[in-house]
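**Q** Add 57 to a position in the sequence shown, counting from 1, and you land on the number used in this note's numbering. Think of the CB as a built atom: it goes at the ideal place given N, C-alpha and C, for glycine as much as any other residue. None of these values were measured; they are calculated from a predicted model.
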Amino acid sequence: MSKYSLSTRNPWNFYNVVDGFFGDSSDAFRSISRDSFKVDVKDQDGAYIVEAEVPGFTKEEIDLSLMKGVLTIAVKKEEEQSEEEPNYVHRERRVRSMARRLYLGEVDEEKISAKLDNGILSISVPKKAAQIKRSIEIE
């Protein structure tokens, strides 16, 4: 078996530089540099239905915001592992954060609702009622 394996790497990616310095790459670095979450958007009955896969995150670790028609879904998890041995303390901290932004346009901000069930975040974003063209009489 070869001592080296063939893999595609971006030499300018910070996490690849760290991986190269420390030898075998750490799962923490891999998850930060490559993870994202999947998002589906449906146009259904006058609303956008957004479903995001966020397994392992609680509702307290999810931030939803809407500004100028852009829905932002941001997740952040802070984990700490601690292992104590005689004369040695080993601690690892890992922060995972990801965000997705979706342009939805003119929506009814007051009626947006969201729920988290079994790692699936479902967001209902009602569209604004279509403006009806109104004729203006000239006096």
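Measure from the alpha carbon of residue 187 to the alpha carbon of each residue in 99, 94, 131 and 103, then state which is nearest.
**A** Of 99, 94, 131 and 103, the residue nearest in Cα terms is 103.
**Q** Just tell me which of 154, 124, 113 and 161 has its CA closest to the CA of residue 107.
**A** Nearest C-alpha to residue 107: 161.
**Q** Name the two residues that bound the continuous beta strand (DSSP E) containing residue 196.
**A** Note, residue 196: premise wrong, no beta strand (DSSP E); not H, not E.
**Q** Only counting the same chain, and skipping five residues up and downstream in sequence, which positions put a Cβ closer than 6 angstroms to that of residue 119?
**A** Cβ within range, chain order: 132.
**Q** Rounded to whole angstroms, what's the CA-CA distance from residue 154 to residue 116? Just pull it up for me.
**A** Using only the alpha carbons, I get a separation of about 14 angstroms.
**Q** To the nearest whole angstrom, what separates the beta carbons of residue 98 and residue 173, a pair I think is in contact under 8 angstroms?
**A** At roughly 17 angstroms, the Cβ-Cβ gap does not stay under 8 angstroms, so residue 98 and residue 173 are not in contact.
**Q** If I follow the unbroken beta strand (DSSP E) through residue 110, where does it start and stop?
**A** Residues 104-110.
**Q** Comparing alpha-carbon positions, which option in 196, 164, 168 and 177 lies nearest residue 184?
**A** Answer by Cα proximity: 164.
**Q** Distance, Cα to Cα, residue 167 vs residue 136?
**A** Distance between the alpha carbons of residue 167 and residue 136 is about 34 angstroms.
**Q** Going by the CB atoms, is the gap between residue 169 and residue 179 shorter than 8 angstroms?
**A** It is not a contact, given that the beta carbons lie outside the stated cut-off.
**Q** Would you check if the distance between the CB atom of residue 121 and the CB atom of residue 171 is smaller than 8 angstroms?
**A** A contact, by the Cβ cut-off of 8 angstroms.
**Q** Which of the three DSSP states, helix, strand or coil, is assigned to residue 95?
**A** Coil.
**Q** Mapping DSSP to helix, strand and coil, what is residue 168?
**A** Helix, per DSSP.
**Q** Consult DSSP for residue 135 and reduce its assignment to one of helix, strand or coil.
**A** Correct three-state label for residue 135: strand.
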